[in-house]
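Heads up, the sequence shown stops at 419 in our numbering, and the numbers go up one at a time, no gaps.
Heads up, the beta-carbon is just placed ideally off N, CA and C, and yes, glycines get one too.
Keep in mind the model is a prediction, meaning the values are calculated, not measured.
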Amino acid sequence: MTSSPIWHPFTQHALEPSMRSIRGADGAWLEASDGQRIFDGVSSWWVITHGHRHPKIIAAIEKQAATLDQIIFAGFTHEPAEAVATGLMKIAPRGLSHVFFSDSGSTSVEVALKMALGYWKNIGKARTRILALEHGYHGDTIGTMSAGARGVFNAAYEPLLFEVGRIPYPKPHHAQPTFDALEIACRRGDVAAFICEPLILGAGGMLIYDADTLREMRRICKAHDVLFIADEVMTCFGRTGTVFACEQAGISPDILCVAKGLTGGSLPLAVTLCISPIYDAHFSTDRARTFFHSSSYTANPIACAAAAANLEIWQTEPVIERILALSQSQALCLNELETDPRFTNLRQLGTITAFELAEVPPGYLADVALKLRARLLERGVLLRPLGSTIYVMPPYCTTKDELTFAYRAVSDAVDEVMA
Ligand code: PLP
Numbered sequence: 001m002t003s004s005p006i007w008h009p010f011t012q013h014a015l016e017p018s019m020r021s022i023r024g025a026d027g028a029w030l031e032a033s034d035g036q037r038i039f040d041g042v043s044s045w046w047v048i049t050h051g052h053r054h055p056k057i058i059a060a061i062e063k064q065a066a067t068l069d070q071i072i073f074a075g076f077t078h079e080p081a082e083a084v085a086t087g088l089m090k091i092a093p094r095g096l097s098h099v100f101f102s103d104s105g106s107t108s109v110e111v112a113l114k115m116a117l118g119y120w121k122n123i124g125k126a127r128t129r130i131l132a133l134e135h136g137y138h139g140d141t142i143g144t145m146s147a148g149a150r151g152v153f154n155a156a157y158e159p160l161l162f163e164v165g166r167i168p169y170p171k172p173h174h175a176q177p178t179f180d181a182l183e184i185a186c187r188r189g190d191v192a193a194f195i196c197e198p199l200i201l202g203a204g205g206m207l208i209y210d211a212d213t214l215r216e217m218r219r220i221c222k223a224h225d226v227l228f229i230a231d232e233v234m235t236c237f238g239r240t241g242t243v244f245a246c247e248q249a250g251i252s253p254d255i256l257c258v259a260k261g262l263t264g265g266s267l268p269l270a271v272t273l274c275i276s277p278i279y280d281a282h283f284s285t286d287r288a289r290t291f292f293h294s295s296s297y298t299a300n301p302i303a304c305a306a307a308a309a310n311l312e313i314w315q316t317e318p319v320i321e322r323i324l325a326l327s328q329s330q331a332l333c334l335n336e337l338e339t340d341p342r343f344t345n346l347r348q349l350g351t352i353t354a355f356e357l358a359e360v361p362p363g364y365l366a367d368v369a370l371k372l373r374a375r376l377l378e379r380g381v382l383l384r385p386l387g388s389t390i391y392v393m394p395p396y397c398t399t400k401d402e403l404t405f406a407y408r409a410v411s412d413a414v415d416e417v418m419a
């Protein structure tokens with residue numbers, strides 16, 4: 001038993017009595033307090049993009065901390081926030097014209113939902129219903145859990161969750177039921193917004209769908225005047241091969257949620273971007289039309305300086321080339337598993353790969369992820385399988401040799417766990 005008073009996130013302490021202590025990180029590697037080097041195969045919960053402690057991001061944080069640490073963001077602004085907003089405007093899908101800051105993926109989605117409802121209320125139309133994709137995940141606050149898939153993770157909070165219209169996940173080559181359900185739901189005329197994770201449903205099991213499907217869902221929403229919210233909290237800043245996943249479908253959402261990789265993964269910061277009609281619907285001398293949302297650390301200057309440095313890295317370093325190289329290395333590693341009977345449903349989107357364990361004995365599922373995690377850690381690899389789904393989502397600095405090391409660890413750990 002640990003004597004620490006800390007209650008860790010998404011952790012069943014009765015099954016995981018002790019936590020590994022980490023004292024450092026560099027590139028794609030963590031250093032445990034006992035000296036073990038651990039490959040960060042999940043980019044520290046999908047946030048680290050370039051690698052841990054990118055020198056330009058660290059320098060920007062140090063510089064900013066020396067001049068302005070924090071300032072209330074209502075009635076005030078500062079240079080790092082302006083730099084982030086201006087930089088985002090240059091790379092964001094066209095049509096998005098306003099930037100609202102918050103501090104996590106969940107808050108960026110809460111803001112998106114509130115923007116959507118505020119828009120319809122302020123223009124005097126009775127649209128309050130939210131549509132969301134089956135198997136979606138948007139965070140762990142009440143609003144984001146409501147929009148996300150229901151299950152054991154949120155069963156206890158069910159009485160607090162609001163009802164949303166659930167649209168079937170678009171299975172590869174079988175997306176018509178999704179389009180039909182979306183079309184029917186949108187026709188009701190009471191839908192404020194449809195929210196989805198573009199191209200890949202992350203926590204729902206790394207479920208991939210194609211760009212044509214994303215484009216068609218966007219088209220249906222537009223045809224019915226339903227606001228389209230793209231939750232790019234996980235996919236933003238290159239994870240799927242392009243800066244934003246929406247780019248691959250050539251679409252522009254009405255509202256875009258961005259978090260995790262915004263600061264290169266160094267500090268918590270999020271933004272929700274929206275089109276001008278949404279901003280305009282809140283722009284009024286009538287105070288009742290104000291967008292009533294804030295948090296104490298909105299647009300914290302140090303986090304913004306980290307994000308501004310990240311944007312500059314994208315402008316000045318060959319980030320897309322690194323992403324391409326990593327994607328190619330990922331494809332090679334995945335290819336080696338192609339004929340391995342232990343694995344099935346191998347798939348890849350940009351820098352992310354995922355596959356399932358082929359034969360998980362019944363009743364085994366609850367334990368397998370935890371056991372795999374432990375065996376992988378012993379081998380110096382951090383991965384967090386989602387049930388029987390193993391995925392690899394490393395930082396972009398990862399080399400082919402490092403990936404090979406991680407996949408070898410997967411192979412050995414699976415052998416040991418399934419024995
Ligand atoms: N939306 C998506 C698509 C996510 O993957 C996540 C987190 O994994 C969130 C929202 C919530 O982000 P956060 O954990 O920063 O609140």
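- Boundaries of the alpha helix (DSSP H) around residue 116: 105 to 122.
- The alpha carbon of residue 354 has as its nearest neighbour, out of 196, 390 and 153, the alpha carbon of 390.
- Considered as a whole, the segment 314 to 356 harbours 319 to 337 as its complete alpha helix (DSSP H) runs of no fewer than 4 residues, in chain order.
- Spanning the alpha carbons of residue 150 and residue 134 requires a straight line of approximately 9 Å.
- In the structure shown, the three-state DSSP call for residue 161 is coil.
- The segment 365 to 379 makes contact with the segment 396 to 416: 3 or more CB pairs, one atom from each, lie closer than 8 Å.
- Excluding residues up to 5 positions away in sequence, 15 and 16 lie with their Cβ nearer than 8 Å to the Cβ of residue 370 in the same chain.
- Beta-carbon to beta-carbon, residue 349 and residue 251 are separated by about 16 Å, too far to satisfy the 8 Å threshold.
- Fewer than three Cβ pairs drawn from the segment 230 to 248 and the segment 74 to 87 lie within less than 8 Å of each other, which leaves the two stretches out of contact.
- At least one heavy atom of the ligand PLP falls within 7 Å of the beta-carbon of residue 137.
- Inter-residue distance for residue 161 and residue 347 is about 33 Å (C-alpha atoms, whole angstroms).
- DSSP places residue 101 in the strand class (E or B) of the three-state scheme.
- In the assembly as shown, residue 157 is an exposed residue. Its beta-carbon has fewer than 16 other beta-carbons within 10 Å.
- Distance from the CA of residue 176 to the CA of residue 302, rounded to the nearest whole angstrom, comes to 46 Å.
- When C-alpha distances from residue 263 are compared across 277, 231 and 306, the shortest belongs to 306.
- In the assembly as shown, residue 205 is a buried residue. Its beta-carbon has 16 or more other beta-carbons within 10 Å.
- Under the DSSP assignment, residue 408 falls in the alpha helix (DSSP H) whose first and last residues are 400 to 418.
- Pairing residue 402 with residue 24, the inter-Cα distance amounts to about 18 Å.
- Not one heavy atom of the ligand PLP falls within 7 Å of the beta-carbon of residue 205.
- Contact check for residue 118 against residue 282 passes: the beta carbons are separated by less than 8 Å.
- A direct Cα-Cα distance of roughly 20 Å separates residue 39 from residue 234.
- Leaving aside the five residues that flank residue 352 on each side, the residues in its chain whose CB is nearer than 6 Å to its CB run, in chain order, 393.
- For residue 389, the enclosing beta strand (DSSP E) starts and ends at 389 to 392.
- In this structure, the CA atom of residue 407 is about 31 Å from the CA atom of residue 106.
- Within the segment 181 to 269, complete alpha helix (DSSP H) segments of at least 4 residues are found at 211 to 223, given in chain order.
- Following the DSSP letters along the chain, one finds residue 24 inside the beta strand (DSSP E) bounded by residues 22 to 26.
- Beyond the five residues adjoining it in sequence on each side, residue 341 comes within less than 7 Å, by CB distance, of 358 in the same chain, given in chain order.
- Below 8 Å, too few C-beta pairs join the segment 29 to 37 and the segment 269 to 288 to call them touching: fewer than three.
- Between residue 385 and residue 28 the beta-carbon gap is near 19 Å, outside 8 Å, which marks them as no contact.
- Within a 10 Å sphere around the beta-carbon of residue 124 sit fewer than 16 other beta-carbons, which makes this residue exposed.
- In this structure, residue 234 has its CB closer than 7 Å to one or more heavy atoms of the ligand PLP.
- Under the 8 Å Cβ criterion, the segment 132 to 147 counts as touching the segment 189 to 197, having at least three qualifying pairs.
- The C-beta distance from residue 104 to residue 308 rounds to 19 Å, too long to meet the 8 Å contact threshold.
- As the crow flies, the alpha-carbon of residue 226 is around 37 Å from that of residue 326.
- With 16 or more other CB atoms across the displayed protein chains lying within 10 angstroms of its CB, residue 61 is buried.
- Around the beta carbon of residue 290, a 10 Å sphere encloses fewer than 16 other beta carbons of the protein chains shown; the residue is thus reported as exposed.
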